[in-house]
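K.L.:
Our numbering puts the sequence shown at residues 1 to 401.
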Amino acid sequence: MAAQKAIAKQLPTKLINSNRFLMWVYMHLLFLLILSADTVFSGSIVKYLPGYDGELPFKLETGYISVDDSELFYYFIESQGNPKKDPLILSLPGGPGCSSFHGLIYGIGPMEFDINDYYGGLPKLLYYPYAWTKAPSSIIFLDAPVGTGFSYARTPEGWPTSDSSSAEQSYQFLRKWLDEHIEYVPVQLFIGGDSYSGMTVPLITQKVLVGVQTNVKPRMNLKGYLLGSPRTDSIIDENSKIVFAHRMALISDELYAFAKNSCNENYVNVDPSNTQCVTALAAIEHCVKDLFRNNILEPKCTFASPQASEEGDRRSLQEHPKDFILSPPKITEYWCRNFNYALSYMWSNDDRVQDALHVQKGTVLDWKRCNKSLSYTKDVLSVVDVHRNLSKAGLQVLVER
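#1: Label residue 36 either buried or exposed according to how many other C-beta atoms from any shown protein chain fall within 10 Å of its C-beta, with 16 as the threshold for buried.
#2: Excluding the five sequence neighbours on either side, which residues of its own chain have a C-beta within less than 6 Å of the C-beta of residue 89, listed in chain order?
#3: Just tell me which of 186, 123, 225 has its CA closest to the CA of residue 194.
#4: Please work out which residues of its chain come closer than 7 Å, Cβ to Cβ, to residue 199, disregarding the five sequence neighbours upstream and downstream, and give them in chain order.
#5: Candidates 387, 348, 401, 361: which alpha carbon is nearest residue 101's?
#6: Since residue 76 is in the beta strand (DSSP E), which residue starts that stretch and which ends it?
#7: Identify whether residue 256 lies in helix, strand or coil by the three-state DSSP scheme.
#8: Tell me residue 113's beta-bridge partners as DSSP assigns them.
#9: In the DSSP assignment, the alpha helix (DSSP H) including residue 275 goes from what residue to what residue?
#10: From what residue to what residue does the alpha helix (DSSP H) around residue 178 run?
#11: With distance defined between alpha-carbon atoms, name the residue in 85, 146, 128 nearest to residue 57.
#12: Assuming the contact rule is C-beta atoms closer than 8 Å, residue 218 and residue 178 should be a hit. Round their C-beta distance to whole Å, please.
#13: For my contact list, residue 99 and residue 369 are in at a C-beta cut-off of 8 Å; report their separation, rounded to the angstrom.
#14: Within 10 angstroms of the Cβ of residue 229, are there 16 or more other Cβ atoms? Answer buried if so, exposed if not.
#15: Tell me whether residue 213 sits in a helix, a strand or coil according to DSSP, three-state version.
#16: How many Å lie between residue 312 and residue 301 at the Cα?
#17: So does the stretch 360-379 actually touch the stretch 149-164, counting three or more Cβ pairs closer than 8 Å?
#18: Between which two residues does the alpha helix (DSSP H) holding residue 221 run?
#19: Closer than 8 Å is the cut-off here; do at least three beta carbon pairs connect the stretch 232-252 with the stretch 281-301?
#20: For residue 202 and residue 390, which I take to be in contact (beta-carbon distance under 8 Å), what is that distance rounded to the nearest angstrom?
#21: May I have the straight-line CA-CA distance separating residue 393 from residue 52, to the nearest angstrom?
#22: Taking DSSP's pairing of strands, which residues face residue 194 in a bridge?
#23: Are there 16 or more other CB atoms within 10 angstroms of the CB of residue 251, so buried, or fewer, so exposed?
#24: So, using beta-carbon positions, are residue 149 and residue 367 closer together than 8 Å?
#25: Determine the extent of the beta strand (DSSP E) in which residue 240 is found, giving its start and end residues.
#26: For residue 245, which residues of its own chain have a beta-carbon under 7 Å away from its beta-carbon, when the five flanking residues on both sides are left out?
#27: Quick check on the DSSP output: the alpha helix (DSSP H) that includes residue 63 runs from which residue to which?
#28: Nearest to residue 96 by alpha carbon, out of 372, 396, 43, 351?
#29: Need the endpoints of the alpha helix (DSSP H) that residue 105 sits in, please.
#30: Should residue 169 be labelled buried (16 or more other beta-carbon atoms within 10 Å of its own) or exposed?
#31: What's the call for residue 110, buried or exposed, on a 16-neighbour Cβ count within 10 Å?
#32: According to the neighbour-count rule (16 or more other Cβ atoms, all chains shown, within 10 Å of its Cβ), is residue 423 buried or exposed?
#33: Ordered along the chain, which non-local residues of its own chain (more than five positions away) have a Cβ less than 7 Å from that of residue 396?
#34: In the DSSP assignment, find the unbroken beta strand (DSSP E) run with residue 88 in it and report its ends.
#35: Could you have a look at residue 133 and say whether DSSP puts it in helix, strand or coil?
#36: Name the two residues that bound the continuous beta strand (DSSP E) containing residue 373.
If you want it as structure tokens, here you go:
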């Protein structure tokens, strides 16, 4: 009887301890579930893509790398030669705000859209045999800065970015990516980009170089950097546009001379009280407003209406990608580069495509080839001195204008 009473006295304590243990287990399981939901793991192999007939003839990996409050999305295509020896390129897009998918599909990657046989629906993909992966080299196409392509921020504080912070995040991305892909640490590394990434590629290269010199791990085998039509100096680049317009006969000798004298050859941050300079620049803008600024020999086409009128000028179509989807033009009738670009909009916003690419659901509601609404600060005005310093380091440099 005494033994039974003793056991009875111990039961409440045991039950309390048991409940505490169960609560401890529950809280830890909950924490692990939350952690697994919030953490994005990089590195998913993609063997099939909607729109491509059959298995991909190259190795494609997609994923995210966490940097600060951001999840930076990437496409990695392995060299089709000898990946253990071939160079590795980190490819940055322009913009700022353009997706690296642009470079993959319209530039140096092994895929392209079948623009000639497009009649609506999901665009078809074709194998492009002249890709840099056949050169051969392995390429990381990085959606940077945050807000570009499929990259996103986990907190409101993670969205604002700038030249300097984007360069730092891209560098940290590269370090983490190589930590997860150590087989690529020994190969030659190049940093590449075009257009506005001309401001960030030298900054990233400089960070990698300093890391190499100070033995930061992983110790990268930096060999050089590549730039296509890069932005280099905000003032010099903007002023050169007026000179370019004159040399390409887009403006008259008289107008150029008037602008040159009125503005004292400085066409940036013009004093509003200098009415002659303001008038000259307005006249120049009027002369070039209907030109496609990226290539003046191509027609200017933006997307804003489903169809062009028969009487309207086909060279100045105003159409919008969403309407383009509903009423695609006959591509053979007339050609605009933006028709090609519209296919990337349709393809990347397809749920089947995003599932195949392992895009986190709900993170990007409307994929854009170039996101013009970034919270972005241009806090680096010139990288001329950075180029000068890098040129002293014995790096290989290719700049294509």
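All C-beta atoms, glycine included, are put in the ideal place defined by N, C-alpha and C.
Just so we're clear, the structure is a prediction, and the values are computed from it rather than from any experiment.
P.N.:
Taking the structure as given:
#1: With a pLDDT of only 41 at residue 36, under the threshold of 50, the placement of this residue in the model should not be trusted; the figure read from the coordinates follows. Result: exposed.
#2: 137, 139, 190, 192.
#3: Checking every option, the nearest Cα to that of residue 194 belongs to 225.
#4: Short of 7 Å from the beta carbon of residue 199, and not among the five residues preceding or following it, lie these beta carbons of its own chain, in chain order: 163, 231, 380, 383.
#5: Comparing alpha-carbon positions, the option among 387, 348, 401, 361 lying closest to residue 101 turns out to be 348.
#6: In the DSSP annotation of this structure, the continuous segment of the beta strand (DSSP E) that includes residue 76 starts and ends at 70-77.
#7: Note: residue 256 maps to helix in three-state DSSP.
#8: Looking at the DSSP assignment, residue 113 forms a beta bridge with 125.
#9: Here the alpha helix (DSSP H) through residue 275 covers 275-288.
#10: Boundaries of the alpha helix (DSSP H) around residue 178: 163-180.
#11: When each option's Cα is compared against that of residue 57, the closest is 128.
#12: The pair is a contact, with the Cβ atoms about 5 Å apart (cut-off 8 Å).
#13: Between residue 369 and residue 99 the Cβ distance is about 6 Å, and since that is below 8 Å, they are a contact.
#14: Residue environment: residue 229 is assigned as exposed (fewer than 16 neighbouring CB atoms within 10 Å of its CB, all protein chains considered).
#15: Residue 213 sits in a helix when the DSSP states are folded into three classes.
#16: Note that residue 312 has pLDDT 36, beneath the 50 cutoff, so the model's placement of it is unreliable and no number is given.
#17: A contact between stretches requires three or more CB pairs, one per stretch, nearer than 8 Å, and the stretch 360-379 meets this requirement with the stretch 149-164.
#18: Where residue 221 is concerned, there is no enclosing alpha helix (DSSP H), although the beta strand (DSSP E) it sits in stretches over 221-228.
#19: They touch, by the three-pair rule.
#20: In this structure residue 202 is in contact with residue 390, their Cβ atoms being roughly 6 Å apart against a cut-off of 8 Å.
#21: Spanning the two alpha carbons is a distance of roughly 43 Å.
#22: Answer is 228, bridged to residue 194.
#23: Around the beta carbon of residue 251, 16 or more other beta carbons lie within 10 angstroms, which makes this residue buried.
#24: With respect to the 8 Å criterion, residue 149 and residue 367 are classified as neighbours on the basis of their beta carbons.
#25: Following the DSSP letters along the chain, one finds residue 240 in no beta strand (DSSP E) but inside the alpha helix (DSSP H) bounded by residues 234-247.
#26: Around residue 245, the same chain offers 251, 284, 288 as residues with beta carbons nearer than 7 Å, after the five sequence neighbours per side are excluded.
#27: Premise fails: residue 63 lies in the beta strand (DSSP E), 60-67, not in any alpha helix (DSSP H).
#28: Taking only the C-alpha atoms, the option nearest residue 96 is 372.
#29: Per DSSP, residue 105 belongs to the alpha helix (DSSP H) from 101-106.
#30: With 16 or more neighbouring CB atoms inside 10 Å of its own CB, residue 169 falls in the buried class.
#31: Counting Cβ neighbours within 10 Å, residue 110 comes out buried, since at least 16 surround it.
#32: Look at the range of the chain in this structure, 1 to 401, and you will see that residue 423 is not part of it.
#33: The residues 223, 224, in chain order, have a CB closer than 7 Å to that of residue 396 in the same chain once the five nearest residues on each side in sequence are set aside.
#34: Start and end: 88-92.
#35: Helix, per DSSP.
#36: Careful: residue 373 lies outside any beta strand (DSSP E) and carries neither H nor E.
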